[in-house]
Every structure is written in structure tokens, then in C-alpha cells.
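Mapping to the working numbering: the sequence shown position 91 is 843, numbers consecutive.
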Amino acid sequence: MTNYAAEPPRPGEGIDVEDEVDLREPRMFRVILHNDHYTTMDFVVEVLMSVFHKPAAEATRIMLDVHRKGKGICGVYTYDIASSKVSLVHSMAKEREFPLRCSMEET
């Protein structure tokens, strides 16, 4: 049986290791709620607090953006997290029979 720990590798021998690793930041996506004429303001605040973990005051501010400006930004996330949140919003809205739409766009 060979004892590999007994003698350290000599310079120029052993495993080649790349000196520089190419690390890139993940692409980020805004998650956006869109206004409609049927979804209640209370439900939008509920979604913002439960899905996006916003405090009540911030959830209310975003809800008012949705109501007054037609859309509101819920947050910026990596692709997987953003798409999961969009799906969860649509599931909650469908369950409560609201037509609330949510989308994501790359930053």
C-alpha cells in the first residue's frame, strides 16, 4: 500500500492547477407585479409580505406603485429564485381567483 502523505510532491510534479479561475457574477432579474382591475390591494400586500418577505410598510409602498404606475418592482434575484417567485405568485393568485400577473426581466 502506498503512503501518499509521506512525501510531498516535488516542484513540477503532481496535479496541474489552473492559476486563475474565471468567476462570473450570476445574471440578475427584476421581479415585477403588474396592475389589473380585479386583484385587491390587500392581496397584493399579502403576496409581497409572504413571497418577497417585505415588511408591511414596504409592501404597501410597492402595492401603491403597482396601483398608481401600473407595475412595481418586488426585488432583484438570480434566475432560479426569480422564476420560483413568479410561479409562486401566479399559484397564489390562481388559488384566490385573482388575475394578478408577475413577470421578470434581466437587469
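Backbone N, C-alpha and C fix where the C-beta goes; we use that ideal spot for every residue, glycine too.
- The DSSP-derived three-state label of Arg853 is strand.
- Less than 9 Å separates the beta-carbon of Val783 from that of Val828.
- Every unbroken stretch of the beta strand (DSSP E) spanning 3 or more residues and falling wholly within the segment 771–844 is given here in chain order: 780–786 and 823–830.
- By the neighbour-count criterion, in which 16 or more other beta carbons inside 10 Å mark a residue as buried, Lys846 falls on the exposed side.
- When secondary structure is reduced to three states using DSSP, Glu858 falls in the strand class.
- Between Gly822 and Leu816, the gap from beta carbon to beta carbon reaches 9 Å or more.
- Assigned with DSSP and collapsed to three states, Glu765 falls in coil, not helix or strand.
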